[in-house]
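S.K.: Our numbering numbers the first residue of the sequence shown as 8 and each following residue consecutively. Note that CB positions come from ideal geometry on N, CA and C, so glycine has one too.
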Amino acid sequence: MQLALFDLDNTLLSGDSDYEWTQHLISKGVLDRDSFERRNAEFFEQYKSGTLNIHEFLDFQLASLAENTHADLQTWHEEFMADRVRPMIGQKARDLVKRHQDNGDLCAMVTATNSFVTGPICHELNIPHLIATIPAQENGRFTGKPRGTPAFREGKVTRVEDWLESMGLCWKSFERSWFYSDSLNDLPLLSLVSNPVAVDPDSTLHAYAESAGWPILSLR
């Protein structure tokens with residue numbers, strides 16, 4: 008048995024779904040452009056530099072879910088998929104996922120971006136399992152807070168191991184394991200798999216991958 012794990016933003020996508028979701032809501036007039044565009048850009052730069060406070064970011068990012076109905080969110084998300092997400096999915100990314108699927112590998116997307124935003128993207132890429140930050144809900148509405156451990160940095164390791172344990176599996180269950188990621192934030196999980204792959208990596212991960220002898224792949 009083999010395991011293939013895929014980061015989403017700037018890995019399988021040639022962009023960041025969290026950032027683009029907020030930009031989409033700004034373009035719809037759902038969020039105020041002046042305040043939210045500036046804050047969105049600040050968080051995006053913090054993520055890229057490895058300094059993001061995930062709880063501060065989630066307070067910002069999940070607020071829009073709490074402030075709107077599921078029906079409206081679903082309509083906006085369908086537009087988001089058509090206008091912003093599908094253009095960010097290249098054939099090389101689809102082919103990579105398909106190669107692992109055809110090989111019979113257990114496949115999962117592992118992303119810090121919340122499951123409302125990423126669930127349809129996971130389906131679009133034909134990946135059967137999603138490990139993402141979970142937005143909490145009460146009485147049929149989002150609360151604006153995460154439920155459980157956010158799938159970010161070391162939290163990705165925790166969430167993957169919990170997922171494997173739920174199926175009676177662990178790292179030793181697999182002959183080989185892959186994790187594909189672009190980000191220095193994913194070093195904790197990249198360091199655990201037998202086959203870490205840096206995909207269109209940021210400068211820090213690129214340097215680390217070169218020094219460690221990890222493959223460097225482009226899906227662009």
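Thinking C-alpha only, which one of LEU19, SER21, LEU20, GLU44 is nearest HIS31?
M.R.: GLU44
S.K.: Below 8 Å, how does it come out for the segment 14 to 25 and the segment 114 to 124: are there three or more Cβ pairs, yes or no?
M.R.: yes
S.K.: I'd like the span of the alpha helix (DSSP H) that includes ASN47, first residue to last.
M.R.: ASN47: member of the alpha helix (DSSP H) spanning 40 to 56, first to last residue.
S.K.: Tell me, which residues are paired with THR136 by DSSP?
M.R.: Correcting the residue identity first, residue 136 is His in this sequence and not Thr. Per DSSP, ALA115.
S.K.: Measure the C-alpha to C-alpha separation of ASP193 and THR82 and round it to an integer number of angstroms.
M.R.: Our two residues, ASP193 and THR82, have alpha carbons roughly 32 Å apart in a direct line.
S.K.: Rounded to the nearest angstrom, what separates PHE181 and CYS114 at their Cα positions?
M.R.: Straight-line measurement puts the Cα of CYS114 at about 12 Å from the Cα of PHE181.
S.K.: Measure the C-alpha to C-alpha separation of LYS55 and ASP209 and round it to an integer number of angstroms.
M.R.: Approximately 8 Å between the Cα atoms of the pair.
S.K.: If you follow the beta strand (DSSP E) that GLY162 is in, where does it begin and where does it stop?
M.R.: It is not in any beta strand (DSSP E) - GLY162 instead sits in the alpha helix (DSSP H) that spans 161 to 173.
S.K.: Excluding the 5 residues flanking LEU171 on each side, which residues of the same chain have their C-beta closer than 6 Å to its C-beta?
M.R.: CYS177
S.K.: Alpha carbon to alpha carbon, what distance is there between ALA143 and PHE149?
M.R.: Each residue's alpha carbon lies about 6 Å from the other.
S.K.: Can you tell me which of PHE51, PRO203, MET8, ILE128 puts its alpha carbon nearest to the alpha carbon of ASP90?
M.R.: Closest option to ASP90, Cα to Cα, is ILE128.
S.K.: On a CA-only basis, which of SER201, TRP185, ALA205, LEU212 is nearest LEU191? Give me that one, please.
M.R.: LEU212
S.K.: Relative to the C-alpha of PHE109, which residue among ALA214, PRO203, VAL92, LEU10 is closest?
M.R.: It should be noted that the sequence gives Asp, not Phe, for residue 109. Nearest C-alpha to ASP109: LEU10.
S.K.: Cβ of GLU74 versus every heavy atom of the ligand FMN: is any distance shorter than 6 Å?
M.R.: Looking for the ligand FMN in the displayed structure turns up nothing, as the structure carries no ligands at all.
S.K.: Please go through the segment 11 to 35 and give each complete alpha helix (DSSP H) segment of 4 or more residues, from N-terminal end onward.
M.R.: 24 to 34
S.K.: Starting from SER210, trace the alpha helix (DSSP H) both ways and give me its first and last residue.
M.R.: In this chain, the alpha helix (DSSP H) harbouring SER210 covers 210 to 219.
S.K.: Return the residue from the list HIS62, LEU19, ASP14, GLN53 that minimises the CA-CA distance to GLY155.
M.R.: HIS62
S.K.: Going by beta carbon distance, what residues of the same chain come within less than 8 Å of PRO157, once the five residues before and after it are set aside?
M.R.: ILE61, HIS62, LEU65, ALA119, THR140
S.K.: Any idea which residues DSSP pairs TRP185 with across the strands?
M.R.: ALA11, ASN202
S.K.: Is VAL164 closer than 7 Å to PHE186 when the C-beta atoms are compared?
M.R.: Their beta carbons are not under 7 Å apart, which means PHE186 does not touch VAL164 by this criterion.
S.K.: Could you tell me the distance, in whole angstroms, from the CA atom of GLY220 to the CA atom of SER173?
M.R.: 33 Å
S.K.: Which residue wins for smallest C-alpha separation from LEU72, given the options PRO94, GLY151, PRO222, LEU15?
M.R.: GLY151
S.K.: Looking only at C-alpha atoms, which of ARG183, PHE87, HIS84, GLN68 sits nearest to MET8?
M.R.: That would be ARG183, whose Cα lies nearest to the Cα of MET8.
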